[in-house]
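Residue numbers (this note's numbering): 148 to 208.
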């Protein structure tokens, strides 16, 4: 009986570990997608903010 409980506890713990690995993989994919998107659009984003900054400076002067 004790051995069966130990086996069941081990299976439960391994399942938690597998879930943690799955969440880690999902998080890494999300981070990679975000970095790829920022890299791809970095030029456009920089131009957008530069245009806004120029408009603010022009409005002040």
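We put the CB at the ideal spot given by N, CA and C, even for glycine. Since we're looking at a predicted model, the values are computed, not measured.
Next item on the list: Taking only the alpha-carbon atoms, compute the straight-line gap between residue 185 and residue 157 and give it to the nearest angstrom.
Entry: Within the chain shown, residue 185 is the residue found at index 38, counting from 1. Within the chain shown, residue 157 is the residue found at index 10, counting from 1. So the alpha carbons of these two residues sit roughly 42 Å apart.
Note to self: I need the straight-line Cα distance from residue 183 to residue 176, nearest angstrom please.
What the structure shows: To locate residue 183, count along the chain shown from 1; it is residue 36. To locate residue 176, count along the chain shown from 1; it is residue 29. C-alpha separation (whole angstroms): 10 Å.
Next item on the list: Return helix, strand or coil for residue 208, following the three-state DSSP convention.
Entry: Against the chain shown, residue 208 aligns to sequence position 61. In this structure, residue 208 counts as coil in the three-state DSSP scheme.
Next item on the list: With a floor of 3 residues, list each beta strand (DSSP E) that falls wholly inside the segment 151 to 199, ordered by position along the chain.
Entry: none
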